[in-house]
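Visitor: Submitted below is the structure of interest, expressed as structure tokens.
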Amino acid sequence: MPRLVKVAGLVGLVAVAATGCSADEVLRFGWPQGVTPQAESMRQLWTWSVIAALAVGVLVWGLMFWTVAFHRKKGEELPRQFQYNVPLEVIYTAVPFVMVVVLFYFTATTQNYVMAKSENPDEKVNVVSFQWNWEFNYPDHRTPDGQPVRTVGSSSEIPLLVLPTGSSIQYNLSSTDVIHSFFVPEFHFKRDTFPHPDKNNQDAVFENTIEREGSFVGRCAELCGTYHSMMNFEVRALSPDKFDQYMQLRTQNNPATGQYYTASEALTQMNCGELCTPRAVTSVPFDTDRTSGEPSTIGGRQAGN
Numbered sequence: 003m004p005r006l007v008k009v010a011g012l013v014g015l016v017a018v019a020a021t022g023c024s025a026d027e028v029l030r031f032g033w034p035q036g037v038t039p040q041a042e043s044m045r046q047l048w049t050w051s052v053i054a055a056l057a058v059g060v061l062v063w064g065l066m067f068w069t070v071a072f073h074r075k076k077g078e079e080l081p082r083q084f085q086y087n088v089p090l091e092v093i094y095t096a097v098p099f100v101m102v103v104v105l106f107y108f109t110a111t112t113q114n115y116v117m118a119k120s121e122n123p124d125e126k127v128n129v130v131s132f133q134w135n136w137e138f139n140y141p142d143h144r145t146p147d148g149q150p151v152r153t154v155g156s157s158s159e160i161p162l163l164v165l166p167t168g169s170s171i172q173y174n175l176s177s178t179d180v181i182h183s184f185f186v187p188e189f190h191f192k193r194d195t196f197p198h199p200d201k202n203n204q205d206a207v208f209e210n211t212i213e214r215e216g217s218f219v220g221r222c223a224e225l226c227g228t229y230h231s232m233m234n235f236e237v238r239a240l241s242p243d244k245f246d247q248y249m250q251l252r253t254q255n256n257p258a259t260g261q262y263y264t265a266s267e268a269l270t271q272m273n274c275g276e277l278c279t280p281r282a283v284t285s286v287p288f289d290t291d292r293t294s295g296e297p298s299t300i301g302g303r304q305a306g307n
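By the working numbering, the letter at position 12 of the sequence shown is numbered 14, and the numbering carries on one by one without gaps.
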């Protein structure tokens, strides 16, 4: 038996090493590195759920092996009978019940934490999906003519969702046509976007707080038509100072164009290194014409990006 355990352990180590995964990746069970407290909460729930499942599995498999190996039928001898053993049956019933209750408790508390919404978040962003791109507008940041700052993706440019770190951000999701899904792997979170969420009584709002700067790919995670696979966007997380500078530029006229600064123009003007790259760095656009769908008319002027 000890030799068998050693061999099994060696095989497991070789299998892990062959995947090329780091120790941190193994402990995260393949989950990407989260960038929000909500993401870490979900990862911990998943990790401990898997550990609990493996522990129960090892116990059950061990009991099965022990039964098969040491309690085989010996000739015509009647094996020991366990029916009508009340204490044993109570244990068989109580233990799974307690396990389900514990798992339900931690799942419910994690879900409540992830879905919690504050009355006055630091930032709000309206996320509008359409076949096959995204529009992001910021109702709390307006141009001199009273219109919210907006970014709309195009066939030639991935839309950038620029957000501040260390601030509570509220996302209000909707769609102008079919069902899409807002998904950022580093958020460990996905939420479908529906047409007319208010009329359909759908909870289309969630919040999180991004803890570090960076660029994170976002995708549509709901099959929505011909170019679903190319319906990407990018979250660009900036420090509060950089975000304030970005928003200040977005509400000003660009002397070179006579129009308000677009997302790419504002980032270029900021000149703050890789974080201010004017184009998406996590995904590439596709070159084709849209066949249906239009960005929302929230904010009036149809911006190019």
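Where is the CB? At the ideal position from N, CA and C, for every residue including glycine. Predicted, not measured: the structure shown is a model, and the values here were computed from it.
When you compare only the Cα positions, how much space is there between Ile-93 and Val-100?
Guide: Taking the first residue of the sequence shown as position 1, residue 93 is located at position 91. Taking the first residue of the sequence shown as position 1, residue 100 is located at position 98. Each residue's alpha carbon lies about 10 angstroms from the other.
Visitor: Contact defined as beta carbons within less than 8 angstroms: I believe Asn-234 pairs with Arg-221. What is the distance between those atoms, to the nearest angstrom?
Guide: On the sequence shown, position 232 is the one that residue 234 refers to. On the sequence shown, position 219 is the one that residue 221 refers to. Rounded, the Cβ-Cβ distance is 5 angstroms, consistent with contact.
Visitor: Go through its chain and collect everything with a Cβ distance to Gln-271's Cβ below 6 angstroms, but skip five positions before and after it.
Guide: For the purposes of this step, residue 271 is identified with residue 269 of the sequence shown, where counting begins at 1. So the list reads Leu-251, once near-sequence residues are dropped.
Visitor: Counting beta carbon pairs with one atom in the stretch 253-262 and one in the stretch 156-163, are three or more of them shorter than 8 angstroms?
Guide: Segments in contact, no.
Visitor: Quick one, which of Met-232, His-182, Ser-217, Thr-145 has its alpha-carbon nearest Gln-261's?
Guide: Here residue 261 refers to the residue found at position 259 when the sequence shown is read from its first residue. Ranking the options by Cα distance to Gln-261, first place goes to Thr-145.
Visitor: Following the continuous beta strand (DSSP E) through Glu-224, name the residue where it begins and the one where it ends.
Guide: Reading the sequence shown from its first residue, position 222 is the one you call residue 224. Neither: Glu-224 is in no beta strand (DSSP E) and is coded neither H nor E.
Visitor: Take the Cβ of Ser-131 as the centre, count every other Cβ of all protein chains shown within 10 Å, and call the residue buried at 16 or more, exposed below.
Guide: Counted from its first residue, the sequence shown places residue 131 at position 129. Result: buried.
Visitor: By a C-beta neighbour count over all protein chains shown, 10 Å radius and 16 as the cutoff for buried, is Tyr-248 buried or exposed?
Guide: As a first step, residue 248 must be located in the sequence shown, where it is residue number 246. Label assigned to Tyr-248: buried.
Visitor: Mind checking which residues open and close the alpha helix (DSSP H) that includes Thr-111?
Guide: Along the sequence shown, one-based indexing puts residue 111 at 109. Thr-111 -> alpha helix (DSSP H) spans 88-116.
Visitor: Can you tell me whether DSSP reads Leu-269 as helix, strand or coil?
Guide: Residue numbering aside, residue 269 sits at position 267 when the sequence shown is read from its first letter. It is helical.
Visitor: Just reading off the alpha helix (DSSP H) that Ser-285 is part of, what are its end residues?
Guide: What you label residue 285 is simply residue 283 of the sequence shown in a count that begins at 1. Taken as a continuous stretch (DSSP letters only), Ser-285 belongs to no alpha helix (DSSP H), as it is neither H nor E.
Visitor: Cα separation between Met-2 and Cys-226?
Guide: Residue 2 lies beyond the stretch modelled for the chain, which goes from 3 to 307, so this question has no answer here.
Visitor: Contact between the stretch 187-196 and the stretch 205-213 is defined here as three or more beta-carbon pairs at a separation below 8 angstroms; is this criterion met?
Guide: Because the criterion of three Cβ pairs below 8 angstroms is met, the stretch 187-196 and the stretch 205-213 touch.
Visitor: DSSP three-state label for Glu-296, please.
Guide: If you number the sequence shown from 1, residue 296 lands on position 294. Confidence at Glu-296 is low in this model, with a pLDDT of 49, below 50, so its placement is unreliable and the value that follows should be read with caution. Coil at Glu-296, not helix or strand.
Visitor: Measure the alpha-carbon distance for Phe-162 versus Arg-45 and round it to whole angstroms.
Guide: Your numbering for residue 162 matches position 160 in the sequence shown. Your numbering for residue 45 matches position 43 in the sequence shown. Note that residue 162 is Leu in the sequence shown here, rather than Phe. Taking the straight line joining both Cα atoms gives about 26 angstroms.
Visitor: Can you tell me whether Thr-299 is buried or exposed? The criterion is at least 16 other CB atoms within 10 Å of its CB, across all chains shown.
Guide: What you label residue 299 is simply residue 297 of the sequence shown in a count that begins at 1. Because Thr-299 carries a pLDDT of 41, less than 50, the predicted location of this residue cannot be relied on, and no value is offered for it.
Visitor: Express the C-alpha separation of Gln-35 and Asn-210 in angstroms, rounding to a whole number.
Guide: Locating residue 210 in the sequence shown gives position 208, counting from the first residue. Locating residue 35 in the sequence shown gives position 33, counting from the first residue. Cα to Cα, the separation comes out at about 15 angstroms.
Visitor: Roughly how many angstroms separate the alpha carbons of Ser-183 and Ser-177, rounded to a whole number?
Guide: Against the sequence shown, residue 183 aligns to sequence position 181. Against the sequence shown, residue 177 aligns to sequence position 175. Taking the straight line from one Cα to the other gives about 9 angstroms.
Visitor: Could you check what DSSP says for His-182 in three-state terms: helix, strand or coil?
Guide: Here the question's residue 182 lines up with position 180 in the sequence shown. In the structure shown, His-182 sits in a strand (DSSP, three-state: E or B).
Visitor: With distance defined between alpha-carbon atoms, name the residue in Phe-106, Trp-136, Glu-125, Leu-80 nearest to Ser-51.
Guide: As a working mapping, residue 51 is identified with position 49 in the sequence shown. Ranking the options by Cα distance to Ser-51, first place goes to Phe-106.
Visitor: So Val-127 and Ile-160 are supposed to be a Cβ contact under 8 angstroms. How far apart are they, rounded?
Guide: Here residue 127 refers to the residue found at position 125 of the sequence shown. Here residue 160 refers to the residue found at position 158 of the sequence shown. Not really, about 17 angstroms apart at Cβ, beyond 8 angstroms.
Visitor: State the start and end residues of the unbroken beta strand (DSSP E) segment that holds Asp-142.
Guide: Counting from one through the sequence shown, the residue named residue 142 turns up at place 140. Start and end: 135-144.
Visitor: Output the distance between the C-alpha atoms of Arg-238 and Asp-246, rounded to the nearest integer angstrom.
Guide: Locating residue 238 in the sequence shown gives position 236, where the first residue counts as 1. Locating residue 246 in the sequence shown gives position 244, where the first residue counts as 1. Rounded to whole angstroms, Arg-238 to Asp-246 spans 14 angstroms at the Cα level.
Visitor: Where Asn-174 and Ala-258 are concerned, what is the direct C-alpha to C-alpha distance, given to the nearest angstrom?
Guide: Position 172 of the sequence shown, counted from the start, is the residue given in the question as residue 174. Position 256 of the sequence shown, counted from the start, is the residue given in the question as residue 258. Rounded to whole angstroms, Asn-174 to Ala-258 spans 33 angstroms at the Cα level.
Visitor: Looking at C-alpha atoms only, which residue of Ser-120, Ser-217, Pro-187 is the closest neighbour of Arg-281?
Guide: Mapped onto the sequence shown, residue 281 falls at position 279. Out of Ser-120, Ser-217, Pro-187, Ser-217 has the C-alpha closest to the C-alpha of Arg-281.
Visitor: For Ala-54, which of Phe-108, Ala-71, His-73 has the nearest alpha-carbon?
Guide: The residue labelled residue 54 in the question sits at position 52 within the sequence shown. Per the Cα distances, Phe-108.
Visitor: Just to confirm the assignment, what range does the beta strand (DSSP E) spanning Asp-194 have?
Guide: As a first step, residue 194 is located in the sequence shown; it is residue number 192 there, counting from the start. That run of the beta strand (DSSP E) goes 191-195.
Visitor: Please go through the same chain and pick out, in chain order, the residues whose beta-carbon is closer than 8 angstroms to the beta-carbon of Trp-134, but skip the five residues on each side of it.
Guide: Counted from its first residue, the sequence shown places residue 134 at position 132. Hits under 8 angstroms: Cys-222, Cys-226, Gly-227, Thr-228, Tyr-229, His-230, Met-232, Met-233, Arg-292, Gly-295.
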